[in-house]
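To start, the structure under review is shown below, and the notes come after it.
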Amino acid sequence: MSSVYACMLFLFFVVLNPVSLAAGATNSSGAAGFSLPLVPHYRTEAGVLEELLPEGDAEGGVNITSIRPKMIPLTGPVYSVRVGVGSGETQHFYKLALDLVRPLTWIRCRPCIPEKKQEGSIFNTAVSPHYHAIASTDRRCTAPYKRGSRGRCIFDVKYQYHGSSAQGFLSTDNFAFDGSGPGSHISGVDGLVFGCAHSTHQFDNHGVWAGVMSLNRHPTSLIRQLSDRGLAASRFSYCLVGKEHEHLHRRGFLRFGADIPDQPHARSTALLHGELAQGGGMYYVHLVGISLGGRRLTAITPAMFERDPRTLRGGCTVDVGTSHTLLAPDAYHILAAEVVAHLQSRGVHRAPGPVQNLKLCFRGAWDSIRAHFPSVTLHFDPESAVLFIKPELLFLAVTHQHTHYACFTVVPYAERSVIGAGQMLDTRFTFDLQHNRLFFAPEDCHLDTSAVGMT
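Here you go:
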């Protein structure tokens, strides 16, 4: 599964009467828009997830144009959503890790092996009146899903980054999106397709997550299903709040359709490999080069980010569900050598080996060496599409055996390059599925937030 860690995402809220999403939602101009509820968490130094606010927190409601989701920021970038599954008294709310890689939203269903702690009880299909398992003869039971025994359609999703997977039955049920607290207004969508997982492998849910929420381009992802019902304009956007604002306890927003603010000065690049057989619904972009500290690294060439159409390896994707950026090994080694040379020329020395599994680290207290960190710029096609990554987003302060280090958060990955959440902070990203474009622009993301506990 895509890793999960990092900062925030959230939205304004307007208190209105409950509204059913099944009928569609438009604003006064006729443009569709929606949002989903998400809940914030932080990771403690001990690795335990803590919720940012108590469950009793009551936040704004729903409006016809948007159902603004509350997101779960973690100290090490990752995000999750809070959704309800089922209906009436059998409805339960779960926290699901956000993912842009795999095609299906799934939750753990009773029975599920192995047993794991999670927030809320494991979903029990036997008592959910609107739950249906999709038959193996159903037109939706096509690749990547397969016909199984007993006439059911089965799914088997695998996440390459950590070797985790989930298996179970393709299903439908009612979903609900609310404001996370008593008095919140709830909106529901009937008959969404999702996976009911009865087996997981190496799914590290930190005792919190019940599954995964997909915003992939596949027809069974959440964004595609809602867009196909006229509930979104095939667009979603987020602006992750920078680390320097975490102490303010403010939440950012995940925005959909007409709820996305205009970006008149945004850069854009094409979203590639939209055909599912080739791209699997992931968000590929054409990365052509990298600069360090404003200097183009000419040894890093576009060929290092090309995708092999035969093996489907290589290329570069964007994924808010991956905590930090992963880079093709050839490009990584050149970049890492330049980072080492840059810092050593300023008197900052490399640690002799990895520190807490972080490959490239430097000795020194954060405040004493941070001024020497270089920036990184990612160059896309066209060349005018450049993503500037601030120096402080590229390093992580680590203390090990009473020694202080700053570790480079970009790591090598042979399968493909991935732009992760940790390097997306204070930039608004907008994914336009209809026109296959990714828009991005610097933004003070803390200005698009609401205070925790605000009513």
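Mapping of the sequence shown onto mature numbering (1 follows the signal peptide of the UniProt record, and there is no 0): residues -22 to -1, 1 to 433, in sequence order. Glycine is no exception: its CB is placed at the ideal position from the N, C-alpha and C atoms.
If one requires a minimum length of 3 residues, the beta strand (DSSP E) runs lying completely within the region 245 to 318 are 245 to 248, 265 to 270 and 294 to 297, in chain order.
Cβ neighbours of alanine 329 within its own chain (closer than 7 Å, five residues either side excluded): Cys339, Phe340, Arg341 and Tyr383. For tryptophan 187, there is no enclosing alpha helix (DSSP H), as DSSP gives it neither H nor E. In this model, threonine 150 and alanine 210 are separated by some 20 Å (Cα to Cα). Exclusion of the five residues before and after glycine 398 leaves Thr300, Ser301, His302 and Thr303 as the residues of its chain whose Cβ lies within less than 6 Å of its Cβ. Between serine 215 and threonine 408, the gap from beta carbon to beta carbon is short of 8 Å. In the DSSP secondary-structure assignment, threonine 355 is bridged to Ser269 and Phe366. When DSSP reads this structure, aspartate 77 sits in a beta bridge with Ser192.
A straight line joining the alpha-carbon of glutamate 361 with that of alanine 111 spans about 48 Å. Cysteine 87 sits in a strand when the DSSP states are folded into three classes.
In this structure, the CA atom of histidine 196 is about 12 Å from the CA atom of phenylalanine 172. CA-to-CA, the gap between phenylalanine 351 and histidine 243 works out to about 27 Å. Counting only the Cα atoms, glycine 271 lies some 11 Å from leucine 321.
Rounded to whole angstroms, the gap between the alpha carbons of valine 59 and aspartate 308 is 35 Å. Taking the C-beta atoms as reference points, leucine 356 is found nearer than 8 Å to leucine 265. Counted as a single uninterrupted DSSP element, the alpha helix (DSSP H) harbouring arginine 202 occupies residues 200 to 206. Between the alpha carbons of isoleucine 367 and phenylalanine 358 lies a gap of roughly 14 Å. Annotation for isoleucine 238: Arg213, Ser215 and Thr408 place their beta carbon closer than 7 Å to its own, counting only its chain and skipping 5 residues before and after. Residue range 344 to 347 is occupied by the alpha helix (DSSP H) that includes aspartate 345.
Rounded to whole angstroms, the gap between the alpha carbons of lysine 124 and phenylalanine 101 is 23 Å.
Annotation for glutamate 284: Gly292 place their beta carbon closer than 6 Å to its own, counting only its chain and skipping 5 residues before and after. DSSP, read as helix, strand or coil, puts valine 105 in helix.
One thing to note: asparagine 194 has its Cβ no nearer than 8 Å to the Cβ of proline 122. Going by C-alpha positions, serine 192 is about 5 Å away from aspartate 77. Within the same chain, and ignoring the five residues on either side of threonine 295 in sequence, the residues whose Cβ sits closer than 8 Å to its Cβ are Leu78, Val79, Met260, Tyr261, Tyr262, Val263, Arg394, Ser395, Val396 and Ile397.
For leucine 254, same chain residues with a beta-carbon under 7 Å away, outside a window of 5 residues either side, are His196 in chain order. In this structure glycine 126 touches serine 114 by the C-beta definition: roughly 6 Å separates them, less than 8 Å. Assignment of histidine 243 by DSSP, reduced to helix, strand and coil, places it in the coil class.
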